[in-house]
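> Below is one structure. I have some questions about it.
Number of protein chains: 2
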Amino acid sequence: MNIGEAAKNSGVSAKMIRYYEQTGLIPSAGRSASGYRTYTGTDVQMLRFIRRARDLGFQVEAIGELLALWRDRSRQSADVKRLAQAQIAGLRRKIIEMESMVATLDHLAQGCSGDHRPDCPILADLEGEASLVAPACHSGPGFNR
Amino acid sequence: MNIGEAAKNSGVSAKMIRYYEQTGLIPSAGRSASGYRTYTGTDVQMLRFIRRARDLGFQVEAIGELLALWRDRSRQSADVKRLAQAQIAGLRRKIIEMESMVATLDHLAQGCSGDHRPDCPILADLEGEASLVAPACHSGPGFNR
DNA sequence: CTTGACCTTCCAATGATGGGAAGGCCTATC
DNA sequence: GATAGGCCTTCCCATCATTGGAAGGTCAAG
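Keeping their order, the protein sequence lines are chains A and B. The working numbering runs 18 ahead of the 1-based position in the first sequence. The working numbering runs 18 ahead of the 1-based position in the second sequence.
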């Protein structure tokens with residue numbers, strides 16, 4: 019099948035298939051007499067593998083390692099698990115980071131009247147009121163820092 | 019002060035300061051007789067504003083809007099709040115996406131023996147076993163392919 | 001034979017950032 | 001005054017994954 023059909027069947031765009039070939043993530047596809055790339059069912063399976071891995075947030079470099087393990091019949095599942103766990107750890111790290119942003123923003127937004135008046139604790143905070151993530155909402159005369 | 023000192027005082031790299039100027043996020047800095055950019059305390063405050071906004075995950079485009087509101091003394095805090103809430107919503111969306119990835123990966127990794135044997139539910143899933151988040155671990159007649 | 005859908009390669013842009021080269025400026029020390 | 005080295009300038013390139021487009025070749029149907 020041609021690249022367009024392979025794209026449709028795998029969920030990977032033709033552009034990306036060519037890119038993956040160019041960067042060596044996948045081997046060069048066969049070519050028809052007229053120069054068209056040709057793909058087999060196995061090729062499509064590999065592309066689907068890539069797409070699923072991408073959907074799980076793996077970077078292309080990690081996908082290369084996953085593909086190598088996939089092809090290696092004498093692989094050790096421990097190696098696969100390690101990659102998965104590294105991915106989990108990376109995702110969790112980013113999630114925590116973003117949750118902290120959300121907490122800060124939410125706190126600031128709640129303090130913002132959100133009306134026609136110009137006064138706004140969000141801008142005040144960005145301006146450098148110091149407090150990064152006010153520890154708690156103890157109303158007291160506290161003052162962070 | 020020169021760009022290096024402004025960078026140190028604001029936490030924004032000199033490279034990025036030039037970039038922000040070039041893209042119009044910040045106005046062109048003054049220049050010394052010899053062509054060096056010069057910065058005032060107000061400029062540094064603006065740079066710090068940008069850095070804090072970046073730390074909260076705002077994209078540069080949104081920071082431009084925040085800066086405009088910051089400078090507009092007749093702004094309405096509702097506009098600022100809207101931007102903050104859009105940012106919160108975007109972050110939450112990404113968090114949910116990543117949490118779903120973590121859930122899938124965690125489930126798969128837990129089903130993986132992680133030893134010297136090659137059999138691995140993670141690879142099996144990527145290969146296209148269909149189940150996105152397999153409901154349960156019915157041991158099944160193993161063997162992939 | 002023409003049309004339109006497909007394929008090819010090549011180049012460029014995205015967003016935010018870093019790296020580096022080539023050259024000019026500034027200041028301190030000799 | 002000369003020199004060193006630290007700062008500044010501009011310009012170009014790279015990242016990462018992806019998309020877009022242009023220019024041109026191929027294929028299948030009408």
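Don't be surprised by glycine CBs; every beta carbon is placed ideally from N, CA and C.
Alpha carbon to alpha carbon, how far is A/Asp-97 from B/Gly-132? Give it in angstroms, no decimals.
To locate residue 132 of chain B, count along the second sequence from 1; it is residue 114. To locate residue 97 of chain A, count along the first sequence from 1; it is residue 79. One C-alpha to the other measures close to 7 Å.
> Any beta carbon of chain A sitting closer than 9 Å to that of B/Lys-26?
The sequence position of residue 26 of chain B within the second sequence is 8, counting from 1. With 9 Å as the cut-off, B/Lys-26 does not count as an interface residue toward chain A.
> In this structure, does DSSP put A/Arg-100 in helix, strand or coil?
The sequence position of residue 100 of chain A within the first sequence is 82, counting from 1. It is helical.
> Mind checking which residues open and close the alpha helix (DSSP H) that includes A/Ser-28?
Start at 1 with the first residue of the first sequence, and residue 28 of chain A comes out as number 10. Taken as a continuous stretch (DSSP letters only), the alpha helix (DSSP H) holding A/Ser-28 covers 21 to 28.
> Taking the alpha-carbon positions, what's the A/Arg-66 to A/Met-34 distance?
Here residue 66 of chain A corresponds to residue number 48 of the first sequence, with the count starting at 1. Here residue 34 of chain A corresponds to residue number 16 of the first sequence, with the count starting at 1. About 12 Å.
> Three or more beta-carbon pairs under 8 Å between the segment 72 to 80 of chain A and the segment 73 to 85 of chain B, yes or no?
Result no; under three Cβ-Cβ pairs closer than 8 Å.
> Could you tell me whether any Cβ in chain B is nearer than 9 Å to the Cβ of A/Leu-43?
Residue mapping note: residue 43 of chain A aligns to position 25 of the first sequence, counting from 1. With 9 Å as the cut-off, A/Leu-43 does not count as an interface residue toward chain B.
> If contacts are defined as beta-carbon pairs under 8 Å, then A/Asp-143 and A/Leu-126 qualify, I think. What distance do you get, rounded to the angstrom?
Residue numbering aside, residue 143 of chain A sits at position 125 when the first sequence is read from its first letter. Residue numbering aside, residue 126 of chain A sits at position 108 when the first sequence is read from its first letter. The pair is a contact, with the Cβ atoms about 5 Å apart (cut-off 8 Å).
> What's the C-alpha gap between B/Arg-110 and A/Arg-135?
As a working mapping, residue 110 of chain B is identified with position 92 in the second sequence. As a working mapping, residue 135 of chain A is identified with position 117 in the first sequence. Each residue's Cα considered, the two are about 28 Å apart.
> Kindly indicate which three-state DSSP category A/Thr-122 falls into: helix, strand or coil?
Walking along the first sequence from the start, residue 122 of chain A turns up at place 104. Helix at A/Thr-122.
> Using C-beta distances below 6 Å, list every residue in its chain close to B/Thr-41, excluding the 5 sequence neighbours before and after it, in chain order.
Residue mapping note: residue 41 of chain B aligns to position 23 of the second sequence, counting from 1. So no residue of the chain qualifies.
> Is A/Thr-122 buried or exposed, if buried means 16 or more other CB atoms sit within 10 Å of its CB?
Mapped onto the first sequence, residue 122 of chain A falls at position 104. Looking at its Cβ environment, which holds 16 or more other Cβ atoms inside 10 Å, A/Thr-122 is buried.
> Once you ignore the five residues that flank A/Gly-22 on each side, which residues in its own chain have a CB closer than 8 Å to its CB?
Start at 1 with the first residue of the first sequence, and residue 22 of chain A comes out as number 4. Once the five neighbours on either side are set aside, the close Cβ partners of A/Gly-22 are Ala-32.
> Quick check on this structure: which residue in B/Gly-108, B/Met-116, B/Asn-20 has the alpha carbon closest to the alpha carbon of B/Ala-251?
Missing from the structure shown is residue 251 of chain B; chain B here goes from 19 to 163 and no further.
> Under 6 Å Cβ to Cβ from B/Ala-24, same chain only, skipping five residues before and after it: list those, please.
Residue numbering aside, residue 24 of chain B sits at position 6 when the second sequence is read from its first letter. Only Tyr-57, Val-62 meet the Cβ criterion.
> Helix, strand or coil, according to DSSP, for A/Thr-60 in the structure here?
Numbered from 1 along the first sequence, position 42 holds the residue referred to as residue 60 of chain A. In this structure, A/Thr-60 counts as helix in the three-state DSSP scheme.
> With 16 as the cutoff for other CB atoms within 10 Å, does B/Gln-105 come out buried or exposed?
Locating residue 105 of chain B in the second sequence gives position 87, where the first residue counts as 1. Counting Cβ neighbours within 10 Å, B/Gln-105 comes out buried, since at least 16 surround it.
> Within 9 Å of any Cβ in chain A, is that where the Cβ of B/Ile-166 sits?
Any answer about residue 166 of chain B is impossible in this case: the structure gives chain B only from 19 up to 163.
> In whole angstroms, what is the alpha-carbon distance linking B/Tyr-38 and B/Ile-44?
Counting from one through the second sequence, the residue named residue 38 of chain B turns up at place 20. Counting from one through the second sequence, the residue named residue 44 of chain B turns up at place 26. Roughly 6 Å separates the two Cα atoms.
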